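Numbered per mature numbering (1 follows the signal peptide of the UniProt record, and there is no 0), the sequence shown spans residues -20 to -1, 1 to 469.
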Amino acid sequence: MLSSLIDVLVACALIPAVQSTAIPRSSRLLNRGNIEQAVITPQGFPVPNPTESYWQVPEHRIANLRSTEELPTDHTFDYVIIGSGVSGAAIAMKLLDRNPELSVLMLEARKAASGASGRNGGHCRPGMWKSIKTWTEKYGEDEAVRLQKMEQDCVNDVRDFVRTNNVSSGFQDVETADLYWTKEAFDNAVKVWGFQQELEQRRPDEVAKNNRTVYSGQAARDYWGWPEILGAITFYASTQNPYLTVCAILERALKHDLNLQTNTLALNLKQLPNPAANGAKWTVTTDRGTVQAKQVVLATNGFTNAIHPGFASTGYITPDRSQVAAVHPSAETSNNTVFQRSASYPDLHSGNNYIVVRAPGDLGEGDVIYGGGKQFSPTREMGITDDSVINEDIALHLHRVGRTVYGYKNWGETTTVLKDWTGITCVSKDGLPVIGAVPGEDGLWAQVCMNGHGMAWAFRSAEALVQMMEVGEKPEWFPRAFDIERAFE
Ligand SMILES: Cc1cc2nc3c(=O)[nH]c(=O)nc-3n(C[C@H](O)[C@H](O)[C@H](O)COP(=O)(O)OP(=O)(O)OC[C@H]3O[C@@H](n4cnc5c(N)ncnc54)[C@H](O)[C@@H]3O)c2cc1C
Ligand SMILES: *[C@@H]1O[C@H](CO)[C@@H](O)[C@H](O)[C@H]1NC(C)=O
Ligand SMILES: *[C@@H]1O[C@H](CO)[C@@H](O)[C@H](O)[C@H]1NC(C)=O
Ligand SMILES: *[C@@H]1O[C@H](CO)[C@@H](O)[C@H](O)[C@H]1NC(C)=O
């Protein structure tokens, strides 16, 4: 088991392998419990008392909504969706937008959008474009282009949703960059950029458009304002309060009579041996009673293995815990362009740190949302489904690192820590989401395991899943690399 976890670690592009010598001895001792937990509970259900994220204050009016006081156990629903994150919310909304006559029930173990979607880093960022070369080698050029375009289109779709529906979730377009301290990593990134430029020139109508610019050496330090970087590749991304965006998606589904049942834990699924006369094929047992459905959708991300042991037995998807801190620099941030951008840096032994800054005019202007730091945990937080605690070593890193990377001149002398929180993410063996009809189980569907990148993948994946469920076919633009079959092979 442990060795298969290590396989996942090594295979996962999001978590670069880091030498364990970089880990302070104290954290090795402190985190020993996690190693055991990684083996014992890779299938945990959501815990009842998660940490509270920066985004979840104040609580949204639908946080504890139960559309009907009693769990509707008498009705056979067309769909029961398990999970109220961006996946479940977008699936519900898109189903009901397409056909308002459908009866849809959503079960959520905790408060609305209390999973990763309500507690992430706030990026809605087409940052996977840089996998284009790897994807081309692995899947061929057409599929690589499809994968890349899907992500950019997804970000654009979320922006369209937010704008069209006047959602006040602070959705902003910002300049972003991948930043490099090491020559090897930067040289490699520039090669990928060159590969992308060539592709754009050759297939201008198909390749995802963004404005990606390389800055090298002093030009990078001058342009970006960080004192020690060796290079930057800039492009455009969006930032948002993800909790408010997802609650707005849920509210639109609620207008079409979605029945939302928060604080209701789904414990198991059963396929009826023979479909009932009313079409019921599935029962879902919860801690409040049993509901019936023609079709069931798993939108359970890092908690999927618990509700579906068949999934767990594939070993294809593994939960992990991610952590974020909200901090505020002591320097004035208002008129300093370095605090109007977002960033991510894959090297500097960071475990892939990323930064979102609350935009001018937003609540919390100049607050810096800092995620990553997984290398400070010996297990890299793999196999953990408990988001009620934070890892103190990771927290310490996230509190301090901003002043180092931005430089004292930009940041000032001190840092105010506003909040620390964690959330459960999900890692698949190839780093891509798992979407489609669960093989061999008539009427069971899944959109799970967003690999810590769901804000740029899930909304459009939901569009594809809804077409599969309601039309019976996959859209042409849907990346076949997301197909669920690969998890069960
Ligand atoms: C700390 C952190 C930082 C991140 N940063 C970013 C970022 O900046 N950008 C980005 O794109 N992505 C980021 N991510 C990842 C992103 O948040 C996820 O990929 C995305 O939210 C997944 O959405 P989802 O709806 O598929 O799953 P989730 O939002 O996790 O929703 C799953 C829901 O299912 C519920 N559930 C599970 N099992 C059951 C059950 N048995 N019964 C009832 N309910 C159940 C859970 O309670 C949960 O609400 C981050 C994640 C974390 C945790
Ligand atoms: C959004 O706001 C605009 C301008 O105020 C308005 O015309 C439009 O109807 C609003 N849309 C929704 C969905 O509320
Ligand atoms: C592209 O981005 C650069 C900044 O990196 C900016 O100077 C330039 O104006 C942008 N070009 C377009 C067409 O948006
Ligand atoms: C920022 O710049 C604007 C415009 O120049 C100015 O009006 C404002 O006072 C500045 N804010 C701060 C905090 O310096």
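All C-beta atoms, glycine included, are put in the ideal place defined by N, C-alpha and C.
Here the structure is a predicted model, which is why all the values come from computation and not from measurement.
Query, Result
"Leaving out five residues on either side along the sequence, give the residues of the same chain with a beta carbon under 8 Å from the beta carbon of residue 465.", "416 and 419"
"Pop quiz: residue 95 and residue 65 are said to be a contact at Cβ under 8 Å. What is the actual Cβ separation, rounded to whole angstroms?", "4 Å"
"Count the C-beta pairs between the stretch 425 to 441 and the stretch 373 to 389 that are closer than 8 Å, then say yes if the count reaches three, no if not.", "no"
"Indicate the three-state DSSP secondary structure (helix, strand or coil) for residue 325 in the structure shown.", "strand"
"Any heavy atom of ligand 2 within a distance shorter than 8 Å of the CB on residue 144?", "yes"
"From which residue to which residue does the beta strand (DSSP E) around residue 267 run?", "Run containing residue 267: none; DSSP gives neither H nor E here."
"Assign residue 131 to buried or exposed, taking buried as 16 or more other Cβ atoms, counted over all protein chains shown, within 10 Å of its Cβ.", "buried"
"Using 8 Å as the Cβ pair cut-off and three pairs as the minimum, do the stretch 228 to 247 and the stretch 63 to 78 touch?", "yes"
"Should residue 283 be counted as a contact of ligand 1 given a C-beta to heavy atom distance under 8 Å?", "yes"
"Could you tell me the alpha carbon to alpha carbon distance between residue 147 and residue 224, rounded to whole angstroms?", "8 Å"
"Taking the continuous beta strand (DSSP E) assigned at residue 222, which residues delimit it?", "Segment 222 to 235 is the alpha helix (DSSP H) holding residue 222; no beta strand (DSSP E) there."
"Tell me whether residue 62, by its Cβ, gets closer than 8 Å to a heavy atom of ligand 1.", "yes"
"Is it buried or exposed, residue 2, if we count other Cβ atoms within 10 angstroms and call 16 or more buried?", "Here residue 2 scores only 30 on pLDDT, less than 50, and its place in the model should not be relied on; the value that follows carries that caveat. When all chains shown are included, residue 2 counts as exposed."
"Between the alpha carbons of residue 35 and residue 368, how many angstroms are there, rounded?", "16 Å"
"Alpha carbon to alpha carbon, how far is residue 129 from residue 121? Give it in angstroms, no decimals.", "12 Å"
"What does DSSP give as the partner residues of residue 399 in its beta bridges?", "306"
"Looking at residue 203 and ligand 1, is the gap between the Cβ and the nearest heavy atom below 8 Å?", "no"
"In chain order, what residues of the same chain lie with their CB nearer than 7 Å to the CB of residue 442, ignoring the 5 residues before and after it?", "67, 70, 71, 74 and 427"
"Look up residue 362 in the DSSP assignment and say whether it is helix, strand or coil.", "strand"
"Can you tell me which of 31, 109, 264 and 206 puts its alpha carbon nearest to the alpha carbon of residue 90?", "31"
"Report the residue from 124, 134, 55 and 158 whose alpha carbon sits nearest the alpha carbon of residue 336.", "158"
"With a threshold of 8 Å, are at least 3 pairs of Cβ atoms found where one atom belongs to the stretch 161 to 177 and the other to the stretch 207 to 224?", "yes"
"Taking all protein chains shown into account, decide if residue 152 is buried (16 or more other Cβ within 10 angstroms of its Cβ) or exposed.", "buried"
"If we require 3 or more residues per run, which beta strand (DSSP E) segments fall completely within the stretch 41 to 98?", "56 to 62 and 84 to 87"
"If you check the beta carbons only, do residue 140 and residue 440 fall under 9 Å apart?", "no"
"Just checking residue 73 against ligand 1 - is the residue's beta carbon closer than 8 Å to any of the ligand's heavy atoms?", "no"
"Consult DSSP for residue 459 and reduce its assignment to one of helix, strand or coil.", "coil"
"Count the other C-beta atoms from every protein chain shown that fall within 10 angstroms of the C-beta of residue 191, then say buried if there are 16 or more, exposed otherwise.", "exposed"
"Within the structure, which residues are defined as neighbours of ligand 3 by a Cβ-heavy atom distance below 7 Å, reported in chain order?", "155, 191, 193 and 214"
"Cβ-heavy atom distance between residue 336 and ligand 1 below 8 Å?", "yes"
"State whether the stretch 32 to 52 contacts the stretch 196 to 208, with contact taken as three or more CB pairs (one from each stretch) at a distance under 8 Å.", "no"
"In chain order, what are the residue ranges of uninterrupted alpha helix (DSSP H) at least 4 long that sit wholly in the stretch 95 to 123?", "112 to 119"
"Hey, residue 371 and residue 351: beta-carbon distance below 9 Å or not?", "no"
"If you reduce the DSSP assignment to three classes, tell me which class residue 238 lands in.", "coil"
"By Cβ distance, which residues of its chain are closer than 7 Å to residue 319, with the 5 residues on each side in sequence left out?", "313, 337 and 346"
"Taking the DSSP output, what are the residues bridged to residue 134?", "In DSSP, residue 134 forms no bridge with anything."
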